[in-house]
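Peer 1: Pasting in a structure now, in structure tokens, and then I'll have a few things to ask.
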Amino acid sequence: MKNTTTLSFILNSKEYESIEVPTCVTLGDLLREEFGLRGTNLSCNQGVCGSCTVIIDGNPIAACHTFAFEIDGKNIRTIEGLECADGSLDPVQESFAELSAFQCGYCTPGMIMLSRALLDQNPNPSEELIKEWISSNICRCTGYAMIIEAVQLAAKKIKESEA
Amino acid sequence: MYQASNSGLISTSSRDLNAFKMVKPKTIADAVSYLNDFDSVPVAYAGGVDLATAYRENKQIGTLVWLKEIDEISDITVSDDNLRIGALVTHGQGSANEKLACVRGLQESWGKIANVRIRFSATIGGNLMALRTSYEMPILLSALKARINFANKDGLFTLAADEMSQTPRLTGALLTSVDIPLKGKPQIDYERSMRPLYTQAAVKFQDGDNSLIRIAIATEHLPPYIFEIPERLEDFDQIFESLPPDYADLRLDNNYIRYLIPVILKRQIKRLAKGQ
Amino acid sequence: MTKLETLNILTSDTRRRDAYDKVTGRANYTTDVTLPNMLHAKVLRSPMGHARIIKIDSSSARKIMGVHAVLTREDIKKYSESELMPVYGYFIKDQPIVAMDKVLYKGDIVAAVAAESERIANKALATIRVDYEPLPAVTTINDALASNAPELFEEPPVGIVPAYGEGASGKLRSKKNICYTFNYETGSANAFNKCDHVFEDEFKFSRMHHLHLEPFITVASWSDDNKIDIWTACQNPFPLRKEISRIFKKPENDISVKVSYIGGGFGAKNNCKTEPIAVMLSRIARQPVRFCLTAEEGFYTNTQHAAILKIKTGVMNDGSLVARESEILLDSGAYSDGSPLVAEKAGYRIPGPYHYEHLKTTCHCVMTNTAPAGPFRGFGGTQTTWACESQIDMIAERLGISPYQMRMNNLLDKGQAFVPGESGMDSDIKLGLDLVAKEINYKNPPKEPNRGIGLSIGFKDGGGVNKPATARIKASTNGDIFLQCGTIEMGQGAQTALPNIVAEIMNTPTERVRLMPIDTNHTPFDQGTNASSSIAVMGQAVERAALDLKSKILNFSAEQLNCKTEEIKLDNWTIRKGNETIPIIPMIMGFYGGTGFEFSGEGFHKSPNSHLAPLEAPCVFWEYGWGAADVTVDIETGQIIVNKLVVSGDAGKAINLNVCRGQDEGAAIMGLGQSLFETMIYDNADLINGDPLSYRVPMARDLPASFISLTQEQGYGPGPFGSKGMGEGGILPVASAIANAVYNAVGVRLTELPMSPDRVNKALLEKQYNYCKQDTSRD
């Protein structure tokens, strides 16, 4: 019985084809152990805290509860894929850095990916909508207010860069 | 964490899973046949988070039956007297779908549960099949008199939403869809601001000039309990005296729950009246 | 304290230094450490609250392919006492590496396995057979103190009572199931005699879990030449090294503890947690071992202290506080962990920042068959502020004085000693109270039914007890600066603040200063990153090291330039002499040769010892958390809606304003969770919500409609430029401010946390009942 599966997907803009992985491997372990993408932090490992949030086909999904096989044919972005080729930061990263919207940093990659997905889907989010989205993930350090402000700043930065 | 034996507790995670076989049925019939090959230890899965909780309790997967490719269970359809929601519809898709407008308040109520991130991956079927008291679809659907449709090797069968937790018939069965009857023009209001302590769904059904309110209450640890009352009943507080005295958990005592039901219900009746 | 006329560097650089690492995912945590041939550890935990272990059979586990080490009490017994001392703890060495005779709580560790994967380790654990003889479990404070309660520790564990100063004392095993008692007394109890009123009230405090997102994790390697390397998420690597040395009987210079970024601690990650098992398994396997707990296991590893607080306060008719006696019972769980230290602080902080003629306080650590309790942000101060600040309002109400005035009348003035022998208040507390009172509209409160406002002043001593810290700073020929000190970056901003202090003193851009990675082999000694001490204690050591370094460079340069040191200034690694700018590098090369040189400075800080101070050294600084809440109570359901929450801390001087704001806000929201819903729920010995899914912590949607934090910079702190610590103040006042606001709104007093709707409702019904009773009796 064959207990592996063969996948093709795009990871951080790079195409991968015919990658063979055991069926039981989660996306979180695949990213961290096979691709060395250690920016995706694992915490609760049951989809609750959202530390390991990545973007799959535009939607924020926790990598810990997603099996690797589920990404077949999909486009995955992790925190490592947000930076521009020239090393400059994404406006969301830039805003989190500028406003210190983090402390211990463990939830931060997940929060940034969650925020990026929000801004991709809603470029002009209201404060209420930001709160609703950010309520997906746990941050035990900041008390959230500074994160909400960073998302607002990121929305502004993105708009300015497009103008 | 699970109790391995009398010897002790072991904390497991996804890394405790053995590599499993995977099948990707395209039809209900194929899925059912896989789910009934009990020697292969089949587990149905359509993405979402419930399995992550299950394997932390040491559930093993022999064959993973990947349901996402079964098109016939992923639609929302409306007829004159029924709203049918396919098992694979995610919370996000469902609560955003305009077809749900046939049940006033349903989009809003459904849109409140879980969180944005989870709503992208968790399905209505998964929420029901997890059989967890802390999950909320059973509360909404019990109040709506929803029927849950299953397919098994003998054919199709249907359970009332509030029967699910008590039935032994789910083994080998595939949850295909949820039917919400439109008779009586149901309108729903869902109060969850006290979660995880307590939630309450109230649905108003028209019956000629009369209307009926069906209430589903639940706590984090207790399955939904249902009441039905005529809307115009003057003093309905005493009805809730029939709540079984053991309907209580470590956080909420029975007296308070009994007290709370009509308090919230009065507000819900007002909100439902406004919605009309 | 250094006073600089203008702070050039601090005001121009506002970003956190760890921003790039953390927003790009490059930040390395202990969870990212991997070593060649690394094994993975898992453990078997007790299914019972209290039981004697009759027999453990682990023979099958040892035969499983891929298993490299199995650890049970039988393996421990193979070592002589000169090779292994298998118990640990802070004051009391009562926690075994794995259970020996008994298990003391559900979740207590019975066996451990290191294998090639976590999966194999768990499979091996599942084959271990343990026979238990169940014993009655006591899972609440009252059960543990009952006359028929079983004794958790039949044999007294080794323990110490530290030296205390004037009025303070400690005692081990003062009663059955009390492992430690702290007492403090000052002034004569006769003071109660003159009081117009004596009020006795009791408060209950709930128990939270830290739920730091980075799990408890250690990677340990016991090498063939018996050197121990430990990579661990630990807030205090030096005390940990000492404990590992004591347990494993190894010299401290054979043990290297390395700590990278910590993904949240909040107190949980002090002293031995995952380390002893990882080291022990590596010793057996002779391979590196990674031991990473799941989030669920975290709940069984360390928690906050639930507490019962009884306070008796004597006052005059005008509201003057005269005397206070208190008894605090802390639920310490099954092992003492940091409980005796928390007891010291809870016992010591119960007066709050007020003046009394007489104080008599007692705090007991009560052992129960539940998860061990230990340090948690606030460290006893959260418990005492809850009780103290609730009672201040209760007394004010009874005397018909406004709660604001009651506080104003009794608050200690700036400079006034907390108690005899102690240091003085280092903030203007009244100023802070006025600030939050104004922000909450105290003088002109919203006039709506069932809406009210409340005030509170959180209070604790900061900077630890008698805490030493050392720092070393090196500057290379090129002026690149290496800061070495033991403060861990766990979110509080040490990596930003400490280098910025150096940059300011060295008058050089902050990016030229780097805080070096921590390894106990090279890093100078520090007692630990806790007690809000990074700025006030380590900051002073860093400041002195920077001044030492600066004077060495200036002296050297003056010698080279044939001038007086006072004539020259350091400016971005050049010497300014009048209008002249002289590069330093050629001077160094000229004197020390072409290979260059490194200058280095040393700094040390510790409060002076004083037997007059109750805790043997006066407190470094006082940490206040001013809070105000505006709530509406839904009188039908009992739900509390927080319309506005205001918190304020005094940074003294903010080294980085964003960091200070983040500390206050994060702490306040933790306090908000505890006030309204967050709590561990035990059903006898079973923790029923010990996982992240059912344990509810605050989310963004739980923020009050208005949430304001105000960072004060009063300038009186002992740290560099007048700074003070900020890490804990924000959590302290939240619960009592809300309780006081609830009273103000609807006239009911909540004395137990969390203030869940059912409790509020019950209080409302009782009030109604009493009112009706009163009404009918009048008829």
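Chains G, C and A are the protein sequences, given in the same order. The letter at position 150 of the first sequence is residue 150 when you use this note's numbering, and the numbering goes up by one with no holes. Add 163 to a position in the second sequence, counting from 1, and you land on the number used in this note's numbering. Add 439 to a position in the third sequence, counting from 1, and you land on the number used in this note's numbering. The C-beta atom is built at its ideal place from N, Cα and C for all residues, glycine as well.
Valine 1136 of chain A versus chain G: which residues are under 8 Å apart at the beta carbon?
Peer 2: The sequence position of residue 1136 of chain A within the third sequence is 697, counting from 1. Simply Ile138, Arg140.
Peer 1: Using beta-carbon positions only, say whether glycine 706 of chain A and isoleucine 974 of chain A come within less than 8 Å of one another.
Peer 2: For the purposes of this step, residue 706 of chain A is taken as residue 267 along the third sequence, with counting starting at 1. For the purposes of this step, residue 974 of chain A is taken as residue 535 along the third sequence, with counting starting at 1. Cβ distance not < 8 Å, so glycine 706 of chain A and isoleucine 974 of chain A don't count as in contact.
Peer 1: What does DSSP give as the partner residue(s) for isoleucine 248 of chain C in the beta ladder?
Peer 2: As a working note, residue 248 of chain C is residue 85 in the second sequence. Answer is C/Ile239, C/Val341.
Peer 1: Suppose you measure from the CA of alanine 215 of chain C to the CA of isoleucine 287 of chain C; what does that come to, to the nearest Å?
Peer 2: Reading the second sequence from its first residue, position 52 is the one you call residue 215 of chain C. Reading the second sequence from its first residue, position 124 is the one you call residue 287 of chain C. Straight-line Cα distance between these residues: approximately 16 Å.
Peer 1: List the endpoints of the continuous beta strand (DSSP E) containing tyrosine 623 of chain A.
Peer 2: To locate residue 623 of chain A, count along the third sequence from 1; it is residue 184. From DSSP, the beta strand (DSSP E) with tyrosine 623 of chain A extends over 617-625.
Peer 1: Looking at the C-beta of proline 1025 of chain A, does it have a partner C-beta in chain G at a distance below 8 Å?
Peer 2: Here residue 1025 of chain A refers to the residue found at position 586 when the third sequence is read from its first residue. It does not: the Cβ of proline 1025 of chain A has no partner Cβ on chain G nearer than 8 Å.
Peer 1: Counting only runs that start and end within the stretch 918-972 of chain A, where is the beta strand (DSSP E) found for 3 or more residues in a row?
Peer 2: Counting whole runs of 3 or more residues, the stretch 918-972 of chain A contains the beta strand (DSSP E) stretches 920-924, 952-954.
Peer 1: Would you report the Cα separation of threonine 809 of chain A and arginine 788 of chain A, rounded to the nearest angstrom?
Peer 2: Stepping through the third sequence from its first residue, residue 809 of chain A is reached at position 370. Stepping through the third sequence from its first residue, residue 788 of chain A is reached at position 349. If I take the Cα positions, the gap works out to 26 Å.
Peer 1: What does DSSP give as the partner residues of phenylalanine 368 of chain C in its beta bridges?
Peer 2: Working through the second sequence from its first residue, we reach residue 368 of chain C at position 205. Bridge partners of phenylalanine 368 of chain C: C/Leu375.
Peer 1: Can alanine 97 of chain G and valine 462 of chain A be called in contact, C-beta distance under 8 Å?
Peer 2: By one-based count along the first sequence, residue 97 of chain G stands at place 97. By one-based count along the third sequence, residue 462 of chain A stands at place 23. Yes, the pair counts as a contact, with Cβ atoms nearer than the cut-off.
Peer 1: Suppose contacts are defined by Cβ-Cβ distances below 8 Å. Is glutamine 46 of chain G in contact with arginine 219 of chain C by that definition?
Peer 2: Within the first sequence, numbered from 1, the residue matching residue 46 of chain G stands at position 46. Within the second sequence, numbered from 1, the residue matching residue 219 of chain C stands at position 56. Yes. Within cutoff.
Peer 1: Take the Cβ of leucine 11 of chain G as the centre, count every other Cβ of all protein chains shown within 10 Å, and call the residue buried at 16 or more, exposed below.
Peer 2: Taking the first sequence and counting its residues from 1, one reaches residue 11 of chain G at position 11. Leucine 11 of chain G should be labelled buried.
Peer 1: So what does DSSP say about phenylalanine 313 of chain C, is it helix, strand or coil?
Peer 2: The count along the second sequence starts at 1 and reaches residue 313 of chain C at position 150. Correct three-state label for phenylalanine 313 of chain C: strand.
Peer 1: Going by the CB atoms, is the gap between aspartate 540 of chain A and arginine 491 of chain A shorter than 8 Å?
Peer 2: Within the third sequence, residue 491 of chain A is the residue found at index 52, counting from 1. Within the third sequence, residue 540 of chain A is the residue found at index 101, counting from 1. Yes. Within cutoff.
Peer 1: Can a CB atom of chain A be found closer than 8 Å to the CB of tyrosine 419 of chain C?
Peer 2: In the second sequence, the residue the question calls residue 419 of chain C occupies position 256. Yes, because at least one Cβ of chain A sits closer than 8 Å to the Cβ of tyrosine 419 of chain C.
Peer 1: Please determine, among A/Pro1131, A/Ala724, A/Pro859, A/Ser1087, the residue with the shortest C-alpha to C-alpha distance to serine 866 of chain A.
Peer 2: For the purposes of this step, residue 866 of chain A is taken as residue 427 along the third sequence, with counting starting at 1. Among A/Pro1131, A/Ala724, A/Pro859, A/Ser1087, the Cα nearest to that of serine 866 of chain A is on A/Ser1087.
Peer 1: Since leucine 872 of chain A is in the alpha helix (DSSP H), which residue starts that stretch and which ends it?
Peer 2: In the third sequence, residue 872 of chain A corresponds to position 433, counting from 1. Taken as a continuous stretch (DSSP letters only), the alpha helix (DSSP H) holding leucine 872 of chain A covers 868-878.
Peer 1: For glutamine 674 of chain A, which three-state DSSP category applies?
Peer 2: Within the third sequence, numbered from 1, the residue matching residue 674 of chain A stands at position 235. It is coil, neither helix nor strand.
Peer 1: Within a Cβ cutoff of 6 Å, which residues of the same chain sit near histidine 65 of chain G, ignoring the five residues on either side of it in sequence?
Peer 2: Here residue 65 of chain G refers to the residue found at position 65 when the first sequence is read from its first residue. Hits under 6 Å: Gly47.
Peer 1: Around the Cβ of aspartate 547 of chain A, are there at least 16 other Cβ atoms within 10 angstroms (buried) or fewer (exposed)?
Peer 2: For the purposes of this step, residue 547 of chain A is taken as the residue at position 108 of the third sequence. Aspartate 547 of chain A comes out buried.
Peer 1: Which chain G residues are close to glycine 257 of chain C, counting only those with a beta carbon under 8 Å from its beta carbon?
Peer 2: As a first step, residue 257 of chain C must be located in the second sequence, where it is residue number 94. Result: empty, since nearest Cβ-Cβ is about 15 Å, beyond 8 Å.
Peer 1: Could you tell me whether the stretch 1148-1167 of chain A touches the stretch 750-757 of chain A, using the rule of 3 or more Cβ pairs below 8 Å?
Peer 2: Touching, no, given that fewer than three Cβ pairs across the two stretches are closer than 8 Å.
Peer 1: What are the boundary residues of the beta strand (DSSP E) that isoleucine 580 of chain A is part of?
Peer 2: On the third sequence, residue 580 of chain A is found 141 positions in, with the first residue counted as 1. Run containing isoleucine 580 of chain A: none in the beta strand (DSSP E); it sits in the alpha helix (DSSP H), 580-584.
Peer 1: Buried or exposed for glycine 839 of chain A, going by 16 or more other Cβ atoms inside 10 Å?
Peer 2: Along the third sequence, read from residue 1 onward, the residue named residue 839 of chain A stands at position 400. Exposed, because fewer than 16 other Cβ atoms sit within 10 Å of the Cβ of glycine 839 of chain A.
Peer 1: Would a C-beta distance cut-off of 8 Å place asparagine 969 of chain A and asparagine 709 of chain A closer than the cut-off?
Peer 2: Start at 1 with the first residue of the third sequence, and residue 969 of chain A comes out as number 530. Start at 1 with the first residue of the third sequence, and residue 709 of chain A comes out as number 270. The answer is yes: Cβ separation under 8 Å.
Peer 1: For the putative contact between glycine 39 of chain G and glutamate 83 of chain G, defined by C-beta atoms under 8 Å, what is the C-beta separation to the nearest angstrom?
Peer 2: In the first sequence, residue 39 of chain G corresponds to position 39, counting from 1. In the first sequence, residue 83 of chain G corresponds to position 83, counting from 1. So it is not a contact: roughly 10 Å between Cβ atoms.
Peer 1: From histidine 479 of chain A to asparagine 561 of chain A, what distance separates their C-alpha atoms?
Peer 2: Walking along the third sequence from the start, residue 479 of chain A turns up at place 40. Walking along the third sequence from the start, residue 561 of chain A turns up at place 122. In a straight line, the C-alpha of histidine 479 of chain A is about 10 Å away from that of asparagine 561 of chain A.
Peer 1: Start and end of the beta strand (DSSP E) containing arginine 890 of chain A?
Peer 2: Translated into positions along the third sequence, residue 890 of chain A becomes position 451. Run containing arginine 890 of chain A: 890-901, per the beta strand (DSSP E) assignment.
Peer 1: Output needed for phenylalanine 1043 of chain A: all residues of its chain with C-beta closer than 6 Å, excluding positions within five of it in sequence on either side, in chain order.
Peer 2: Position 604 of the third sequence, counting from 1, holds the residue named residue 1043 of chain A. Hits under 6 Å: Thr909, Ala980.
Peer 1: Just the chain C side, please: which residues come within less than 9 Å of glycine 546 of chain A by C-beta, in chain order?
Peer 2: As a first step, residue 546 of chain A is located in the third sequence; it is residue number 107 there, counting from the start. By Cβ distance, chain C contributes Met164, Leu172.
Peer 1: Under 8 Å Cβ to Cβ from glutamate 796 of chain A, same chain only, skipping five residues before and after it: list those, please.
Peer 2: For the purposes of this step, residue 796 of chain A is taken as residue 357 along the third sequence, with counting starting at 1. Excluding sequence neighbours, glutamate 796 of chain A sits near Gly626, Ser627, Ala630, Val761, Ala762.
Peer 1: Check the Cβ-Cβ distances between asparagine 290 of chain C and every residue of chain A, and say whether any is below 8 Å.
Peer 2: The residue you call residue 290 of chain C lines up with position 127 of the second sequence. With 8 Å as the cut-off, asparagine 290 of chain C does not count as an interface residue toward chain A.
Peer 1: Is the stretch 1089-1100 of chain A touching the stretch 1069-1076 of chain A in the sense that three or more CB pairs, one from each, lie closer than 8 Å?
Peer 2: Because the criterion of three Cβ pairs below 8 Å is not met, the stretch 1069-1076 of chain A and the stretch 1089-1100 of chain A do not touch.
Peer 1: Beta carbon of serine 716 of chain A, beta carbon of leucine 523 of chain A: below 8 Å?
Peer 2: Sequence index remark: in the third sequence, residue 716 of chain A carries index 277 (1-based). Sequence index remark: in the third sequence, residue 523 of chain A carries index 84 (1-based). A quick correction: the sequence has isoleucine, not serine, at residue 716 of chain A. Contact: no.
Peer 1: Taking 8 Å as the threshold (beta carbon to beta carbon), is histidine 651 of chain A in contact with chain G?
Peer 2: Locating residue 651 of chain A in the third sequence gives position 212, where the first residue counts as 1. Interface residue, yes.
Peer 1: When you compare the stretch 896-903 of chain A with the stretch 927-943 of chain A, are there three or more beta-carbon pairs, one atom per stretch, that lie closer than 8 Å?
Peer 2: Touching, no.
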